[in-house]
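There are 2 protein chains.
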Amino acid sequence: MRPLSHPKIEHITVEGILYALADPVRARIFMELASAESAKNCSTFLGACGGGVSLPKSTLSQHFKVLREAGLVYSERKGVEMHNRTRCAELREKYGALVGGIVAGYAAQWDNLF
Amino acid sequence: MRPLSHPKIEHITVEGILYALADPVRARIFMELASAESAKNCSTFLGACGGGVSLPKSTLSQHFKVLREAGLVYSERKGVEMHNRTRCAELREKYGALVGGIVAGYAAQWDNLF
DNA sequence: TTAATTGTTCTGCATATATGAACTATAGTA
DNA sequence: TACTATAGTTCATATATGCAGAACAATTAA
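Listed below in structure tokens is the structure:
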């Protein structure tokens, strides 16, 4: 299993961020990580991610990979689990309101549905 | 040729916006439309879009279609041409800083490259 | 060693994207 | 009414990408 790759902040791109967050499942994962008190592992999302959709773990793993490679999430192995946290602080410093605006947009959109 | 479809503001989604703008070519087109004084037609972008990349008109047409269906651009036939303008005002009203944040992000990213 | 748990990678299939070719729509001109 | 030119869309298809089951890898515990 090759080591996880996390882009340096200077290699993170706007298109990468938008691509990653254009998928509602990934956006949900990211937002749950962002609002979590501590790092969460993938399996947290196995049961039902957001709208009650349950996904196979291979699909979830791919989604985490996309978030990681876009520079949105930092993942670290802790024993048998993977601990994931967002890179919001770095991103805010580099891109200002970009990520926050997206999260706010989704929050507004989804609040009306539940 | 079936009539162009423009989503009503209430059918525009965050994921649609992000998907459309996750493509640098489309982002470039959108930003050029946004900063244009008047509506521009597709062929304006035929020669070279942004980074000097020249695309076939069928591809450009598809990109415009994506922008239109995402609710980012409004297109209107004027004679043989198509006049395109952004829907920034509506979008700002519905989504606040979402689109502006994205545009600012790309602007910052691209300013460093030219 | 064996088993259990967590997550990744591989693989086949299904969907999506890009582009040349063909087509449609409008305007101008004879 | 042709015929031509221009702007853009749609079609066909080859390529690329995404999803999910199966196999694999890494760690922990018994």
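As they're listed, the protein sequences go chains F and Z.
Numbering-wise (the working numbering), the first sequence opens with residue 17 and increments by one.
Numbering-wise (the working numbering), the second sequence opens with residue 17 and increments by one.
Beta carbons are placed, not taken as given, at the ideal position from N, Cα and C, and that holds for glycine.
Nothing here was measured: the structure is a model prediction, and the numbers come from that model.
**OP:** Throw me the rounded Cβ distance for the Q78 (chain F) and V30 (chain Z) pair, which I believe falls under 8 Å.
**Re:** In the first sequence, counting from the first residue as 1, residue 78 (chain F) sits at position 62. In the second sequence, counting from the first residue as 1, residue 30 (chain Z) sits at position 14. So it is not a contact: roughly 21 Å between Cβ atoms.
*Same chain only: Cβ atoms within 7 Å of L49 (chain Z), ignoring 5 sequence neighbours per side*: The sequence position of residue 49 (chain Z) within the second sequence is 33, counting from 1. Taken in chain order, the residues that qualify are K56, V89, N100, R101, T102.
Q) Who are H99 (chain F)'s beta bridge partners in DSSP? A) Stepping through the first sequence from its first residue, residue 99 (chain F) is reached at position 83. DSSP output for H99 (chain F) lists F:E92 as bridge partner(s).
Start and end residues, alpha helix (DSSP H) containing S74 (chain F) | Position 58 of the first sequence holds residue 74 (chain F). Note, S74 (chain F): alpha helix (DSSP H), 73-85.
task = Determine the chain Z residues that contact E134 (chain F) at a beta-carbon separation under 9 Å, and present them in chain order.
result = Not covered by the structure: residue 134 (chain F). The range shown for chain F is 17 to 130.
Practice prompt. Using a threshold of 9 Å, state whether the C-beta atoms of G121 (chain Z) and L37 (chain F) are closer than that.
Written response: In the second sequence, residue 121 (chain Z) corresponds to position 105, counting from 1. In the first sequence, residue 37 (chain F) corresponds to position 21, counting from 1. The answer is no: Cβ separation not under 9 Å.
Nearest neighbour of I25 (chain F), chosen from F:A86, F:P19, F:M47 [CA to CA]: By 1-based counting over the first sequence, the position of residue 25 (chain F) is 9. That would be F:A86, whose Cα lies nearest to the Cα of I25 (chain F).
The alpha helix (DSSP H) spanning I118 (chain Z) covers which residue range?
-> On the second sequence, residue 118 (chain Z) is found 102 positions in, with the first residue counted as 1. 114-127 is the extent of the alpha helix (DSSP H) around I118 (chain Z).
Spatially closest choice to S70 (chain F) from F:L83, F:I45, F:S51, by CA coordinates: Position 54 of the first sequence, counting from 1, holds the residue named residue 70 (chain F). For the residues F:L83, F:I45, F:S51, the minimum Cα distance to S70 (chain F) belongs to F:I45.
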